[in-house]
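J.: This note's numbering applies: residue 317 is where the sequence shown begins, and numbers increase by one.
I have a structure here, written as structure tokens, and I will follow up with some questions on it.
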Amino acid sequence: MIDVLITKPKNIVEKILSSKENLSVTYWAMSAVIAVGLFVAMTLYFMKGGSSSDSSDLLSTEIVRHSETFPNGEIAYEYFTLNGVKEGNETFYKPKGGIEWRCEYKNGKKDGKETVYYRNKDVVHYEIEFKNDLKDGVELLYHDDGIIQSRANYKEGKLDGEYLQYDVRGKAMLQVIYEKDERVGNPMSIR
């Protein structure tokens, strides 16, 4: 079997597989814009003697950008879908510029960091990691001056591990231990 990959003009890629009995040619049509576009692959099969026997779609992937704008024309929010399912970052913007909320998606579920900003400031209000649509990792909450307010650990959507609450200066003042969303022992004052 011979395997040849040839790049064609106009974003067409051709792959030729041949043997003594048959020949197959696969064409990929790719958008010039990688972030948004339509990716299609089709294989044509040829039998000995040169006649076309059949064709089949190997891959049809559609990446679509969804967005809305404020009255001034600036983007209010945007997200992407891959074959109709949310994929990548979803972002909401503030009317006067800057990000208000951003979250990463994989296969239509939150997977990665979610960040919320204070509405009138470019200061992070809240951050948490997600895995498969569940909180999984460290959750941080901040005062509007950027000083930490609390820190919690999550595993598979449940509080698990140390939870710390801080005073207005960012000094730890209270510790609580959790295991699978259940408090273990009594809260401890830290001073």
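Idealized CB from N, CA, C, for every residue including glycine.
#1: Going residue by residue through the stretch 396 to 423, where are the continuous beta strand (DSSP E) segments of at least 3 residues, counting only ones entirely within it?
#2: Contact check, Thr377 vs Asn405 under 8 Å by CB: the rounded distance?
#3: Is Glu403 closer than 7 Å to Ala392 when the C-beta atoms are compared?
#4: May I have a chain-ordered list of the beta strand (DSSP E) segments no shorter than 3 residues that lie completely inside the stretch 432 to 481?
#5: Should Lys425 and Glu416 be called a contact, given that it needs their Cβ atoms to be closer than 7 Å?
#6: Let me check one thing: in DSSP terms, what residues is Ile391 bridge-paired to?
#7: Buried or exposed for Asp427, please, with buried defined as at least 16 other CB atoms from any protein chain shown within 10 angstroms of its CB.
#8: Run the CB neighbour count on Lys451, radius 10 Å, all protein chains shown included, and call it buried at 16 or more, exposed below.
#9: Would you decide whether Phe446 is buried or exposed? Buried here means 16 or more other CB atoms lie within 10 Å of its CB.
#10: Kindly list the residues whose CB is nearer than 6 Å to the CB of Pro503, restricted to its own chain and excluding five residues on each side of it in sequence; keep chain order.
#11: Leaving out five residues before and five after Lys496 in sequence, what residues of the same chain have Cβ atoms less than 7 Å from its Cβ?
#12: For Tyr442, which residues from the same chain have a beta carbon less than 6 Å from its beta carbon, with the 5 sequence-adjacent residues on both sides left out?
#13: Relative to the C-alpha of Tyr395, which residue among Gly453, Tyr479, Cys419 is closest?
#14: Given a threshold of 16 other Cβ atoms within 10 Å of its Cβ, counted over all protein chains shown, does Glu430 qualify as buried or as exposed?
#15: Please report how far the alpha carbon of Asp438 lies from the alpha carbon of Ser505, in whole angstroms.
T.: The short version:
#1: Fully contained in the stretch 396 to 423 are the following beta strand (DSSP E) runs of length 3 or more, in chain order: 404 to 409, 415 to 422.
#2: The sequence position of residue 377 within the sequence shown is 61, counting from 1. The sequence position of residue 405 within the sequence shown is 89, counting from 1. Contact check for Thr377 and Asn405: beta-carbon distance about 18 Å, past the 8 Å limit, so the pair fails to qualify.
#3: Mapped onto the sequence shown, residue 392 falls at position 76. Mapped onto the sequence shown, residue 403 falls at position 87. At the C-beta level, Ala392 and Glu403 stay beyond 7 Å of one another.
#4: The qualifying runs are 440 to 447, 450 to 458, 464 to 471.
#5: Along the sequence shown, one-based indexing puts residue 425 at 109. Along the sequence shown, one-based indexing puts residue 416 at 100. Contact: no.
#6: Within the sequence shown, residue 391 is the residue found at index 75, counting from 1. Thr385, per the DSSP bridge assignment.
#7: To locate residue 427, count along the sequence shown from 1; it is residue 111. By the neighbour-count rule (16 or more Cβ atoms within 10 Å), Asp427 is buried.
#8: Translated into the one-based positions of the sequence shown, residue 451 becomes position 135. Here Lys451 is buried, its C-beta having at least 16 other C-beta atoms within 10 Å.
#9: By 1-based counting over the sequence shown, the position of residue 446 is 130. Under this definition Phe446 is a buried residue.
#10: Here residue 503 is taken as the residue at index 187 of the sequence shown, counted from 1. Closer than 6 Å at the Cβ level, and outside the excluded window around Pro503, lie Leu490, Val492.
#11: Locating residue 496 in the sequence shown gives position 180, counting from the first residue. Excluding sequence neighbours, Lys496 sits near Lys474, Asp476.
#12: Residue 442 sits at position 126 when you count from the first residue of the sequence shown. Hits under 6 Å: Val432, Leu457.
#13: For the purposes of this step, residue 395 is identified with residue 79 of the sequence shown, where counting begins at 1. If we check each option's Cα against that of Tyr395, Cys419 comes out closest.
#14: The residue labelled residue 430 in the question sits at position 114 within the sequence shown. The residue in question, Glu430, is buried, as its Cβ has 16 or more Cβ neighbours within 10 Å.
#15: Position 122 of the sequence shown, counted from the first residue, corresponds to residue 438. Position 189 of the sequence shown, counted from the first residue, corresponds to residue 505. When rounded, the separation of the alpha-carbon atoms in Asp438 and Ser505 is 32 Å.
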